[in-house]
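Visitor:
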């Protein structure tokens with residue numbers, strides 16, 4: 001029921017238990033591609049698991065500790081974008097996302113990210129947002145770069161998936177840098 | 001961040017912890033009028049209490065057990081409208097509401113109610129919604145009557161407030177009756 | 001061990017875990033008849049489930065939130081009668097019951113009800129007790145009528161069982177009406 | 001509401017939250033005498049504390065883990081007698097009691113104990129009940145002795161009260177010994 | 001990682017989850033002998049169960065309520081010795097132990113016990129430690145006797161194992177008696 | 001009771017509730033210096049708070065999720081060194097430390113760190129350990145540098161303390177790099 005309208009085609013919706021089937025279907029369709037990048041994919045075995053995930057994410061929102069939203073394009077669920085756990089002492093959090101392969105390359109995630117950055121900086125009053133991407137994920141890195149994030153480091157072997165370790169580039173954006181935009 | 005837009009002036013927003021101050025302020029402003037009708041008013045002593053209420057209501061939403069939304073008029077918080085706990089076996093729930101006195105008489109609650117009825121019947125798939133009003137609350141009763149609810153009974157002395165008992169009229173609307181509209 | 005003696009043949013006993021077998025047996029014997037009226041019957045699949053029910057009901061009693069008692073006739077368990085959750089602000093609760101088919105028609109439930117009404121009004125100090133019955137359950141409705149309850153309404157489609165909805169008659173009795181008796 | 005009737009004057013009642021005031025009053029009246037024997041007395045500072053105690057004891061009963069009952073003489077609360085936590089593997093528990101000073105010496109506790117022993121052995125199916133008394137508490141020791149318990153040992157310094165340690169005599173009674181009676 | 005070194009061969013180590021396999025293996029090897037004496041043996045069916053046991057014991061330690069340690073001889077796990085739950089009001093606890101059959105008769109448990117007694121009396125400031133042994137377990141009783149414990153009683157039928165009841169000898173040692181050593 | 005002996009003067013001990021006083025005293029003595037670097041210092045107002053911290057850290061250890069140890073020099077508590085929460089999927093954690101000012105400059109933390117690295121890599125089987133230090137904390141950065149950690153980035157404004165934000169240098173060490181040493 002609750003949404004954040006971005007433009008006539010694109011919305012972020014707060015996922016509810018009843019969305020579990022639709023979300024799981026898109027994960028299922030993108031399983032090959034998603035499992036290449038995310039360690040949580042093999043554990044997502046059915047819509048019931050997705051329902052539990054949605055309920056946990058809503059509980060996180062209820063505790064004022066970040067939020068997970070569904071990306072809807074022309075009323076169709078096509079991916080997720082989230083503000084992760086918030087360090088309220090440092091007013092610091094990070095953003096993560098994935099989108100169905102057929103909708104990639106249209107700038108959708110960048111647009112959604114911009115909205116969550118506004119929410120994070122203006123509404124929640126956070127001071128810094130980080131985005132992390134695997135060094136071999138050029139597509140994912142393009143988003144923070146386009147949004148003016150600065151590269152702050154490369155953390156080695158912090159991501160284990162499909163039997164090997166991957167490095168993460170850390171990008172950071174400060175409230176002041178965003179305001180300047 | 002999350003809202004359900006009704007028209008250019010009116011929105012239902014999912015309340016977050018950060019709204020507590022604004023909500024409490026409106027309760028404070030309407031304290032005299034609200035305490036006449038609702039037993040929860042004397043216990044609402046500060047914004048911290050309102051924050052706890054909001055967090056509990058979000059948790060209820062997270063458990064797929066109804067939802068509490070803030071009514072915003074021209075971006076200003078002016079009251080609350082909620083779907084109470086859901087009996088999923090009978091697909092039954094009820095709706096409750098209150099609105100700042102200065103915004104009464106404009107049909108705002110009726111309009112909001114209509115949206116929640118759509119959400120309840122069409123999205124959640126409920127079968128029946130009840131609205132209860134004190135027999136001496138003509139203004140409140142006008143809403144279900146206007147929306148086509150049928151009066152189903154008068155439950156005696158079910159509401160204790162300000163040292164006396166009050167009766168409740170129960171109004172009910174079935175999914176089929178709503179569909180017919 | 002704990003009982004409320006009504007007369008030389010009839011007692012209300014606080015059910016303990018060790019009663020689970022005996023209770024389940026009577027449910028099993030009356031399964032056909034009970035499942036016609038109560039949605040909880042299909043989920044009651046074994047004595048272990050009944051044990052959990054008894055423990056939950058005792059916990060409710062421990063929290064001063066109503067009580068579930070076993071009806072014993074000549075030392076034999078024959079049914080249940082309960083005070084449901086209590087709304088302490090309105091000093092309001094309801095009573096529910098069922099009895100093994102072979103003991104129906106003897107006025108046993110009416111007698112037990114009278115005892116629980118005394119407990120509710122005199123001991124707990126409640127102000128009102130409701131009894132709800134399906135409109136097609138003449139036998140069940142006879143009890144509140146006999147005890148002087150007033151019919152307060154017919155709530156439509158609030159009870160879903162065996163693939164259809166049923167209406168409930170609500171009967172209410174006030175403390176003052178009981179005192180007058 | 002629930003009681004175990006022993007004779008025309010004496011009953012064991014399952015304590016409910018509403019008894020807290022009456023129980024606390026008797027503790028208050030006997031504070032000097034009770035604090036001589038029991039380390040829990042100084043912490044019992046008001047009826048609210050007693051209410052919490054009663055709720056915890058009911059929860060223990062709900063978990064099939066012993067029971068705490070109020071001794072009522074001519075409908076007046078005069079003390080407590082309990083079956084403590086049960087070791088279900090060994091079918092072993094113990095009994096504890098105290099009674100208002102003015103009712104001591106009438107054999108009331110012995111009579112109540114006999115009832116709880118029947119409940120423990122016959123109803124719960126326990127195999128052994130122990131009673132422990134401070135070596136300087138002749139009055140308390142008289143009860144298990146009168147009931148046929150055997151002295152099984154003197155545990156040194158297991159009870160700390162009023163700045164010194166006391167020894168406990170352990171008395172034990174087996175189911176078979178009770179049956180023989 | 002954490003240990004209490006007793007001598008060049010013998011250590012008490014705080015068990016961590018990662019020790020579960022090694023502990024289970026020794027239990028498995030001694031299953032026949034252990035199940036003769038301890039009722040918990042049949043329930044210990046795999047290393048996962050042992051891991052849960054270790055985690056529970058660590059939680060007990062975290063709550064300042066006794067500790068369970070692994071006996072390591074020449075860096076090999078060979079048994080357990082524990083301080084059970086502590087009665088902080090009476091500053092009273094008990095010690096329990098078992099050791100792999102091939103290491104019995106070397107005085108290892110006596111030596112470990114001495115260390116735990118020092119910890120209990122000197123570090124935790126307890127006032128009394130009890131050790132209980134089945135009357136038919138001469139080997140186990142030898143330990144408290146050797147350490148100067150006094151026999152305080154024989155509790156009848158407090159231990160149920162392999163379809164029969166066993167008696168326990170209770171041995172006790174006071175802080176003052178230990179200090180004198 | 002449990003310790004990891006490093007050399008004749010230096011030990012890491014698993015902190016227990018009873019250490020709270022000693023730990024708090026050292027925090028109190030170093031309050032000026034510690035509050036310059038750590039946001040948790042102002043909240044540490046008494047030994048009771050330190051006791052809660054120790055119990056939480058022990059619970060973390062019980063859940064196999066890192067460990068907090070006290071640094072003891074000549075049997076005197078002088079600081080803390082911890083393995084923080086563990087990401088078991090990536091086998092990744094970080095180490096943090098502080099030491100009483102009078103013991104700085106003696107290489108004590110470096111020595112302790114080396115032990116925890118062994119524990120992390122060899123015993124727990126982790127793959128990477130990070131150490132983070134404020135960019136203005138030269139003394140703290142010297143430790144990972146001396147131990148062969150590689151600088152992986154500078155995360156901007158991730159640490160809020162005394163009304164301003166600070167940057168963190170992230171140092172990382174892989175299991176393979178440690179093994180090579």
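Protein chains in written order, with the UniProt record's numbering: chain A, 1 to 181; chain B, 1 to 181; chain C, 1 to 181; chain D, 1 to 181; chain E, 1 to 181; chain F, 1 to 181. Ideal placement from N, C-alpha and C gives every residue a C-beta, glycine not left out. Given the structure is predicted, the values throughout are model-derived calculations rather than measurements.
1. What is the DSSP secondary structure of residue 90 (chain F), reduced to helix, strand or coil?
2. On a CA-only basis, which of A:28, A:36, A:24, A:21 is nearest residue 163 (chain A)? Give me that one, please.
3. To the nearest angstrom, report how far apart residue 80 (chain B) and residue 11 (chain B) are at their CA atoms.
4. Assuming residue 74 (chain F) is part of the beta strand (DSSP E), what are its boundary residues?
5. Pull up the distance between the alpha-carbon of residue 29 (chain F) and that of residue 22 (chain D), whole angstroms please.
6. Can you list, in chain order, the residues of the segment 81–114 of chain D whose Cβ is nearer than 9 Å to any Cβ on chain E?
7. Threshold first: 3 residues or longer. Then list the beta strand (DSSP E) segments lying entirely within the segment 4–29 of chain C, N to C.
8. At a CB-CB cut-off below 9 Å, which residues of chain D make contact with residue 29 (chain C)?
9. Per DSSP, what are the beta-bridge partners of residue 82 (chain E) in this structure?
10. Beta-carbon of residue 179 (chain E) versus every beta-carbon of chain F: anything under 8 Å?
11. Report the neighbours of residue 64 (chain A) on chain B: residues whose CB is nearer than 8 Å to its CB, in chain order.
12. Considering only residues of the same chain and omitting the five flanking positions on each side of residue 57 (chain E), which have a CB-CB separation below 6 Å?
13. Considering only DSSP beta bridges, list what residue 165 (chain B) is partnered with.
14. Sort B:150, B:141, B:157 by Cα distance to residue 89 (chain C) and report the nearest one.
15. Taking 8 Å as the cut-off, decide whether the C-beta atoms of residue 66 (chain A) and residue 82 (chain A) are in contact.
16. Which residue marks the beginning of the beta strand (DSSP E) containing residue 128 (chain C), and which one marks its end?
17. Would residue 150 (chain B) pass as an interface residue toward chain A - the criterion being a Cβ-Cβ separation below 8 Å?
18. Per DSSP, residue 153 (chain C) is paired with what?
19. Following the continuous alpha helix (DSSP H) through residue 123 (chain F), name the residue where it begins and the one where it ends.
20. Give the residues from the segment 161–172 of chain B that approach chain C closer than 7 Å (Cβ to any Cβ), ordered along the chain.
21. Pick out whichever of B:41, B:124, B:103 has its Cα sitting closest to the Cα of residue 76 (chain B).
22. Could you name the residues of the same chain whose beta carbon sits closer than 8 Å to that of residue 61 (chain C), not counting the 5 residues immediately before and after it, in chain order?
23. Going along chain C in order, which residues have a C-beta closer than 7 Å to the C-beta of residue 127 (chain B)?
24. Chain E beta carbons: is any one of them nearer than 8 Å to that of residue 146 (chain F)?
25. Under the rule that 16 or more other beta-carbon atoms within 10 Å means buried, what is residue 176 (chain B), buried or exposed?
26. Using beta-carbon positions only, say whether residue 118 (chain D) and residue 174 (chain D) come within less than 8 Å of one another.
27. Using a cut-off of 7 Å between C-beta atoms, extract the partners of residue 45 (chain D) located in chain C.
28. Near residue 120 (chain B), what residues of its chain come up, given a Cβ to Cβ distance below 8 Å and the 5 sequence neighbours on each side ignored?
29. Quick one: using the 10 Å Cβ neighbour count with 16 as the cut-off for buried, is residue 50 (chain A) buried or exposed?
30. Would residue 63 (chain D) and residue 55 (chain C) be called neighbours here (beta carbons separated by less than 8 Å)?
31. How would you label residue 40 (chain B), buried or exposed, when you count the other beta carbons within 10 angstroms and need 16 or more for buried?
32. Could you tell me whether the Cβ atoms of residue 5 (chain B) and residue 112 (chain B) are closer together than 8 Å?
33. Quick one: using the 10 Å Cβ neighbour count with 16 as the cut-off for buried, is residue 109 (chain A) buried or exposed?
34. Quick check on residue 117 (chain D) - is its C-beta less than 8 Å from some C-beta in chain C?
35. Against chain D, with Cβ distances strictly below 8 Å, would residue 79 (chain E) count as a contact?
36. 8 Å is my cut-off, CB to CB: does residue 154 (chain F) come that close to chain A?
Guide: Taking the structure as given:
1. coil
2. Of the candidates A:28, A:36, A:24, A:21, the one whose C-alpha sits nearest the C-alpha of residue 163 (chain A) is A:36.
3. 11 Å
4. It is not in any beta strand (DSSP E) - residue 74 (chain F) carries neither H nor E in the DSSP assignment.
5. Whole-angstrom Cα-Cα distance: 52 Å.
6. 87, 89, 90, 91, 92
7. 10–14
8. The premise fails here: residue 29 (chain C) is roughly 24 Å from chain D at the closest Cβ pair, so nothing lies under 9 Å.
9. E:68, E:96
10. Contact with chain F is absent for residue 179 (chain E), since none of that chain's Cβ atoms lies less than 8 Å from the residue's Cβ.
11. Those within 8 Å of residue 64 (chain A) in chain B are 16, 17, 18, 55.
12. Within the same chain, residue 57 (chain E) has close Cβ partners 68.
13. B:160
14. Sorting B:150, B:141, B:157 by C-alpha distance to the C-alpha of residue 89 (chain C) places B:157 at the top.
15. Yes, these two residues count as a Cβ contact at 8 Å.
16. 128–134
17. no
18. B:153, C:170
19. Run containing residue 123 (chain F): none; DSSP gives neither H nor E here.
20. 165, 170, 172
21. Of the listed residues, the one whose Cα sits closest to residue 76 (chain B) is B:103.
22. Taking residue 61 (chain C) as the centre and dropping the five residues before and after it, the same chain places the C-beta of 14, 67, 68 closer than 8 Å to its C-beta, in chain order.
23. 157, 165
24. Judged by the 8 Å Cβ criterion, residue 146 (chain F) is not in contact with chain E.
25. Only exposed fits residue 176 (chain B), as fewer than 16 other CB atoms lie within 10 angstroms of its CB.
26. no
27. Neighbours of residue 45 (chain D) on chain C: none; closest Cβ ~21 Å, over 7 Å.
28. 83, 93, 95, 126, 129
29. buried
30. yes
31. exposed
32. No, these two residues do not count as a Cβ contact at 8 Å.
33. buried
34. So no, residue 117 (chain D) is outside the interface.
35. no
36. yes
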